[in-house]
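See below for the structure under consideration.
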Ligand code: G1P
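In the working numbering, the protein residues as written are 8 to 297.
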């Protein structure tokens, strides 16, 4: 039976320095893919998976995220006055009813494992989802939902995976495969950002996780790992060596929106499907290529 997951953690404290100057005063999570900020795609994916509590691990200069999921009084009053009901409905839909938004601060950037540890006081003793907002996954079935469908009654973590090329290993957590059953894999170990020659497989971790609450005991004991940071991958490796970690080869297309190329590709692909601009963008691109 699929486990009910009630909370999702979004680590959003990162500086976004790869996107300077755009991110000098704007959180990278607020950069839009067509007309919607990246963070909203991730929240919508969690809502679609039945999650009702969104916990943002945030930092300095990230106020815009909190404002985005709050009401915007002047804007809404203005739209109501001008009877722009469609736009008002869009503004209202950003924070769906019945969903709670919680913000905790990560005051020092000590890595992804540390960011998740900052969310501990906002969580109860049950499994929770983690979504890395940079990884935008376009799929008919949401990635978190795909992970939830892999729950097997055990407390093993569940992680999203995709096939990667040797030149990409330095950017990913990479798993050791114990068993493989179609789309599902049991990982017996993980390593963060190995060299191609040291990578134990061609399966890289994508930024979607379902973690048991016990992961906090492991993170609290971890020494710093790759890049001097407290790595979530290292905590997962401890649990993988103990009982295994469930991996799901995700369906759909993933865009690495932490890179400029991935971000531009996402804007094109989402733009082509956008009801307002899709057709015009398609003919524009055709002309451009000819
Ligand atoms: C993080 C994780 C890494 C994972 C990647 C997926 O790295 O540490 O294990 O493969 O996300 O996007 P980052 O991209 O934040 O450096």
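Idealized CB from N, CA, C, for every residue including glycine.
Treat the numbers as computed from the prediction; the structure is a model and nothing was measured.
Rounded C-alpha distance that separates residue i from residue j
i	j	result
residue 190	residue 179	19 Å
residue 99	residue 75	11 Å
residue 229	residue 278	43 Å
residue 169	residue 257	6 Å
residue 130	residue 81	33 Å
residue 21	residue 185	33 Å
residue 112	residue 222	20 Å
residue 108	residue 296	44 Å
residue 62	residue 174	34 Å
residue 45	residue 183	31 Å
residue 209	residue 276	26 Å
Boundaries of the alpha helix (DSSP H) in which residue i is found, first to last residue
i	result
residue 110	Element bounds for residue 110: not the alpha helix (DSSP H) but the beta strand (DSSP E), 107-112.
residue 22	Note, residue 22: premise wrong, no alpha helix (DSSP H); not H, not E.
residue 122	119-125
residue 85	80-88
residue 267	267-279
residue 101	Segment: none, residue 101 is in no alpha helix (DSSP H) and carries neither H nor E.
residue 151	150-155
Proximity of residue i and residue j at Cβ, strictly below 7 Å
i	j	result
residue 157	residue 144	no
residue 134	residue 28	no
residue 73	residue 110	yes
residue 16	residue 36	no
residue 149	residue 255	no
residue 43	residue 13	no
residue 151	residue 56	yes
residue 125	residue 64	yes
residue 233	residue 204	no
residue 281	residue 41	yes
residue 140	residue 49	yes
residue 193	residue 251	yes
residue 142	residue 214	yes
residue 34	residue 71	yes
Limits of the beta strand (DSSP E) - the one that residue i falls within
i	result
residue 3	Look at the range of the chain in this structure, 8 to 297, and you will see that residue 3 is not part of it.
residue 55	Careful: residue 55 lies outside any beta strand (DSSP E), inside the alpha helix (DSSP H) at 45-55.
residue 144	142-145
residue 296	First-last for residue 296: 285-296, but that is the alpha helix (DSSP H), not the beta strand (DSSP E).
residue 196	191-199
residue 136	135-138
residue 261	260-263
Residue i CB to nearest heavy atom of the ligand G1P below 6 Å
i	result
residue 64	no
residue 180	yes
residue 139	yes
residue 196	no
residue 240	yes
residue 214	yes
residue 119	yes
residue 162	no
residue 142	yes
is_contact[residue i, chain D] using C-beta, thresh 7 Å
i	result
residue 294	You won't find chain D in this structure, because it holds only one protein chain.
Same chain, Cβ closer than 8 Å to residue i, five either side skipped, listed in chain order
i	result
residue 248	195, 196
residue 32	68
residue 201	176, 177, 181, 207
residue 117	231, 236, 237
residue 146	153, 257, 258, 259, 260
residue 47	75, 101
Other residues of its chain near residue i: CB distance less than 6 Å, five sequence neighbours each side excluded
i	result
residue 94	86
residue 225	242, 245
residue 253	157, 163, 165
residue 270	264
Chain-order list of residues whose beta-carbon lies under 7 Å from that of residue i (same chain, five-residue window excluded)
i	result
residue 239	119, 120, 123
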